[in-house]
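Structure, as structure tokens:
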Amino acid sequence: MITDAHGRTFRNLRVSLTAACNYACTYCVPDGKRLLPAKHELSGTELVRAVELLIRVAGIDKVRVTGGEPLLSPKIEEFFPAVMKLGLKDVSLTTNGQLLTRKADMLLDAGIRRINISLDTLDPTAFREIARSGDLSTVLAGIDRMAEAGVRVKINMVPLRSANFDQILPLLDYCLERGYELRFIELMKMGHLRAGNQFSRDFIGMDELLETIATRHEYARTDAPFDSTAVRFEIPGKGTFGIIANETEPFCATCTRLRLSSNGKLYGCLSNTKSHYLPPILALPDVEAEVELATLLSQALADKQPVRFQGEWTVMKFIGG
Ligand code: SAM
2 MITDAHGRTF
12 RNLRVSLTAA
22 CNYACTYCVP
32 DGKRLLPAKH
42 ELSGTELVRA
52 VELLIRVAGI
62 DKVRVTGGEP
72 LLSPKIEEFF
82 PAVMKLGLKD
92 VSLTTNGQLL
102 TRKADMLLDA
112 GIRRINISLD
122 TLDPTAFREI
132 ARSGDLSTVL
142 AGIDRMAEAG
152 VRVKINMVPL
162 RSANFDQILP
172 LLDYCLERGY
182 ELRFIELMKM
192 GHLRAGNQFS
202 RDFIGMDELL
212 ETIATRHEYA
222 RTDAPFDSTA
232 VRFEIPGKGT
242 FGIIANETEP
252 FCATCTRLRL
262 SSNGKLYGCL
272 SNTKSHYLPP
282 ILALPDVEAE
292 VELATLLSQA
302 LADKQPVRFQ
312 GEWTVMKFIG
322 G
């Protein structure tokens with residue numbers, strides 16, 4: 002196992018199936034940018050080969066399929082069932098849910114057990130303003146379909162002062178009533194948010210979120226796995242929620258995440274533009290590929306921040322959330 006000076010290893014792999022997305026969320030991409038696939042995206046077969054090698058060499062035991070929008074890519078049909086068969090401890094999917102009903106049978110046939118759906122508001126007008134596309138009722142129908150089939154649902158919300166502050170409690174109640182775990186993601190200073198005042202205008206930190214929640218619910222902090230990105234809370238008798246508090250309580254010290262972009266670049270850290278190009282290794286015979294990959298992984302592990310997320314020009318859609 003490849004370990005750094007802080008005792009960190011790679012255990013969680015996030016695979017971005019495509020950089021293309023059917024949304025253009027205001028905090029993810031700047032105005033007027035179309036969300037296209039990256040140049041030279043890897044095929045489904047190449048991505049599966051990459052995951053197999055990363056399991057063997059890095060000791061990856063959890064994979065999250067993300068994007069861009071993973072359900073937009075035809076590769077999902079090959080990639081997801083194949084990854085489900087690799088004997089991993091956990092495989093999950095992060096999606097905006099717009100195509101979930103259409104892809105539900107395929108995901109269920111492949112054995113999906115967990116899904117994270119991004120949903121920033123229950124207000125249809127605000128939904129269109131934030132995502133600049135899509136339809137709220139279609140997403141809600143997709144979520145229902147997954148839950149009815151027994152899939153464990155988590156909802157991801159990015160609270161934004163100017164766009165969905167009033168949705169913190171409605172979304173929490175929506176989730177508590179249905180047994181879903183809501184994850185508030187503190188806004189991250191990525192891509193175009195590094196410049197201008199959009200980040201400081203919209204950022205809502207954990208303390209303010211908790212103050213807002215306290216107006217309706219009593220809660221207590223509860224356990225989370227050692228390498229979890231979320232701080233978790235229990236509302237007795239009602240359910241749990243989490244906060245991914247990358248600014249308020251950085252989790253770099255215990256980060257075990259590795260990211261593979263859709264064009265074959267490995268990223269050891271979300272807060273570092275350095276990447277390591279994987280495709281030449283995929284074509285090598287197994288033994289050689291494993292030796293070369295071990296070198297690449299040591300370099301990628303050295304890219305991690307020692308303490309806290311610094312922000313980065315990288316856009317989330319390229320390397321997956
Ligand atoms: N399209 C899929 C989705 O919507 O879930 C997967 C990709 S998306 C980039 C993954 C997650 O990253 C979403 O929950 C999105 O809200 C979040 N995200 C994107 N940009 C962000 C930012 N600057 N700060 C915090 N979260 C962000």
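Going by the numbering used here, the first residue of the sequence shown is number 2, and it counts up by one from there. We put the beta carbon where it would ideally sit given N, CA and C, even for glycine. It should be emphasised that the depicted structure is a prediction, and the values quoted were computed from it without experimental measurement.
- Relative to the ligand SAM, the nearest heavy atom lies less than 6 Å away from the CB of residue 28.
- Residue 155 is bridged by DSSP to 117 and 182.
- Contact annotation: the segment 106-121 touches the segment 142-160, with at least three C-beta pairs closer than 8 Å.
- Between the segment 20-31 and the segment 247-255 there are fewer than three inter-stretch CB-CB distances shorter than 8 Å, so the stretches are not counted as touching.
- Residue 68 has its Cβ nearer than 6 Å to a heavy atom of the ligand SAM.
- DSSP places residue 193 in the helix class (H, G or I) of the three-state scheme.
- Counting only the Cα atoms, residue 300 lies some 32 Å from residue 34.
- Burial check for residue 277: the Cβ neighbour count within 10 Å reaches 16 or more, so the residue is buried.
- Beta-bridge analysis with DSSP links residue 243 to 184 and 233.
- For residue 58, same chain residues with a beta-carbon under 6 Å away, outside a window of 5 residues either side, are 291, 294 and 295 in chain order.
- Rounded to whole angstroms, the gap between the alpha carbons of residue 204 and residue 54 is 38 Å.
- In the three-state reduction of the DSSP assignment, residue 92 falls in the strand class.
- Annotation for residue 188 indicates a beta carbon within 6 Å of some heavy atom of the ligand SAM.
- Straight across, the Cα-Cα distance linking residue 304 with residue 244 is about 25 Å.
- The alpha-carbon of residue 239 is positioned some 12 Å away from that of residue 217.
- Closer than 6 Å to some heavy atom of the ligand SAM: that describes the Cβ of residue 95.
- Nearest to residue 236 by C-alpha distance, out of 228, 224, 229 and 219, is 219.
- If only uninterrupted beta strand (DSSP E) runs of at least 3 residues are considered, those enclosed by the segment 30-107 are 63-67 and 91-96.
- Counting only the Cα atoms, residue 40 lies some 21 Å from residue 191.
- Leaving aside the five residues that flank residue 10 on each side, the residues in its chain whose CB is nearer than 7 Å to its CB run, in chain order, 2, 3, 4, 60 and 257.
- Annotated as distal: residue 110 and residue 89, with beta-carbon spacing of 7 Å or more.
- DSSP places residue 223 within a strand segment (E or B) once states are collapsed to three.
- Closest in alpha carbon position to residue 286, among 50, 37 and 141, is 50.
- In the structure shown, the three-state DSSP call for residue 162 is coil.
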